[in-house]
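Structure record follows, encoded as structure tokens.
Numbering (the working numbering), first residue to last: 55 to 662.
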């Protein structure tokens, strides 16, 4: 039993009555951008039509989560209809697919705002990024990210009817053919009690979705992660006892005849029975033990978070205990989302927060620090109060503990990636790790271990600081590095001549953030970081070398004094004999606390 409210499928007469009631309502035209966006969706996703069901299920889940959240502080909202569920039904005769939820529902004004205007649809941002779309999968990405998924219904339907009932308002009907829409009060009254029913009037070319087997397969694909029950109106075959035909009068009571009658009574026949069948019976993945979850299930959950457009690179499924206990699954996509590094506002919707299996929010700022904004996942805690608000969450000590543990788990997950996977990770997220080194002082040491660079040891393979230190020469006290716009430029620099000739390995810093990172670190594993473009470089610390350097300094003292006081007066701080040059006659180095030439180039170009 899935509810105390009995509903039945509308027949063709009722459909026509609904249409007539809507036709009498004022016709409203979509905003220009909404109309343009819908045409793009309809025309561009013809090869990926099944996302229409994903988006309708997603919207239904949102509506259910909202009413459940409201019920935490006001249980009366569920009195009229306590069961929370989604139902999907196909009517082949009427060529319709109906998706029904018992969620929060929409008022007439909300139908207007949510489905008819640009304000709530996310269309402005969607259209802004359309110019960067290069293929179909990218468009699918945008649909999932900008909340315009409802309109994907028009991929398979030439007409969409939405019936919705919200507390405090009458039941209304919204209907559209994708060019205009109408809203009217439902003449049948409050048949839904609460929630929303979406009726898709399927196009002739999308008739395959009217086959229950096809729809069931798609629904299974997109419902495994849903915490609410999803029911599909489906048939099954049962063996039932056939009712015996009327018996003819007989004068005999022979045993053989009695046996024959008994056999006739026990004769079994097949009968088709229709019923609501739950298609997502398994518990939410994060509440199960990792050993009980198949890889395919993890991938399905991950794709639910990323709108089915990403591939999974790594995951971690764990349970934290102690002062705060929670269950969590965290995912790292293979590729960075398109706006990861150019978003004007922090990405805060990647982590879904549940309290005792009740969805609270996916918009908690700093659930993870901004440098880990590429991580998706779910957190389910038993310690947080159910009636917690987004504002109180920001001040919650328990949430700060959760964040601390999440960060550690993500760093641990990254550090354990196989070499090949880590190379892929570094291509996509190197900026994030460097940003973490700059911003996350408590985890700076662990994040520093994740840094990778090209060095003079191997221009092809990346090296960590541990790799560099393991190859350091005896009595080498510093890690040598040099910044440049590319490896070739760094290799040809006068600053590396003597170091390379003496067999010292040099790290080539070719990314804009690299020198910022080096300034934040100063040393690694008790080894000083030495920029070869700055003063203070010592490549040979033997007594013989010191004596030779002192002699050279004395010999060229008149020249260095003339350069400083006369030739370059006011332009340089000091002129000295160099220990870092071999072929080049001179080089301009920076003061220890000044910008290097490369850093000045970066700041001038505003690369960071």
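Glycine included, each C-beta is placed from N, C-alpha and C at the ideal position.
Exposure of residue i, with buried meaning 16 or more beta-carbon neighbours within 10 Å
i           : result
residue 643 : buried
residue 194 : With a pLDDT of 47 at residue 194, under the threshold of 50, the modelled position of this residue cannot be trusted, and the question is left open.
residue 222 : exposed
residue 524 : exposed
residue 529 : exposed
residue 205 : buried
residue 335 : exposed
residue 634 : buried
residue 457 : buried
residue 391 : buried
residue 281 : buried
residue 497 : buried
residue 636 : exposed
residue 495 : exposed
residue 323 : exposed
residue 296 : exposed
residue 658 : exposed
residue 483 : buried
Residue i versus residue j - alpha carbon distance
i           : j           : result
residue 651 : residue 617 : 20 Å
residue 224 : residue 239 : 7 Å
residue 346 : residue 339 : 9 Å
residue 481 : residue 327 : 55 Å
residue 647 : residue 474 : 38 Å
residue 271 : residue 153 : 15 Å
residue 639 : residue 469 : 44 Å
residue 431 : residue 404 : 6 Å
residue 111 : residue 276 : 8 Å
residue 162 : residue 105 : 27 Å
residue 619 : residue 631 : 16 Å
residue 599 : residue 547 : 23 Å
residue 359 : residue 625 : 57 Å
residue 621 : residue 588 : 22 Å
residue 545 : residue 485 : 23 Å
residue 509 : residue 558 : 10 Å
residue 166 : residue 415 : 25 Å
residue 381 : residue 164 : 35 Å
residue 102 : residue 649 : 53 Å
residue 72  : residue 262 : 26 Å
residue 453 : residue 462 : 14 Å
C-beta atoms of residue i and residue j nearer than 8 Å
i           : j           : result
residue 563 : residue 537 : yes
residue 492 : residue 574 : yes
residue 107 : residue 260 : no
residue 407 : residue 433 : yes
residue 608 : residue 549 : no
residue 227 : residue 130 : no
residue 125 : residue 135 : no
residue 269 : residue 214 : no
residue 467 : residue 535 : no
residue 264 : residue 216 : no
residue 614 : residue 629 : yes
residue 656 : residue 542 : no
residue 341 : residue 410 : no
residue 611 : residue 471 : no
residue 234 : residue 84  : yes
residue 522 : residue 487 : no
residue 377 : residue 455 : yes
Neighbourhood of residue i by C-beta, 7 Å cutoff - its chain only, sequence neighbours within 5 removed
i           : result
residue 6   : Residue 6 is absent from the structure shown; the chain starts at 55 and stops at 662.
residue 266 : 144, 288
residue 330 : 56, 141, 285, 287
residue 578 : 502, 519, 533
residue 146 : 264
Beta carbon proximity, residue i to chain D, threshold 8 Å
i           : result
residue 238 : Any reference to chain D falls outside this structure, which holds one protein chain only.
Cβ-based neighbour list, residue i, same chain, cut-off 6 Å, excluding 5 preceding and 5 following
i           : result
residue 325 : 292, 294
residue 426 : 464
residue 236 : 76, 79, 81, 229
residue 158 : 117, 120, 121
residue 556 : 593
residue 670 : With the chain covering 55 to 662 only, the question about residue 670 has no answer from this structure.
residue 231 : 213
residue 364 : 387
Contacting residues, own chain, Cβ-Cβ under 8 Å from residue i (five flanking each side not counted)
i           : result
residue 539 : 564, 652, 655
**Request:** Check whether the segment 231 to 244 touches the segment 267 to 287, taking contact to mean three or more Cβ pairs, one atom from each stretch, closer than 8 Å.
**Result:** no
**Request:** Spell out a yes or no on whether the segment 410 to 423 and the segment 372 to 383 are touching, meaning 3 or more CB-CB pairs, one atom from each, closer than 8 Å.
**Result:** no
**Request:** Inspect the CB distances between the segment 204 to 217 and the segment 117 to 131 and report whether three or more fall short of 8 Å.
**Result:** no
**Asked** Would you call the segment 351 to 365 and the segment 376 to 390 touching, i.e. three or more CB-CB distances under 8 Å?
**Response** yes
**Item:** Inter-stretch contact (C-beta, 8 Å, three-pair minimum) for the segment 503 to 523 and the segment 460 to 480
**Value:** yes
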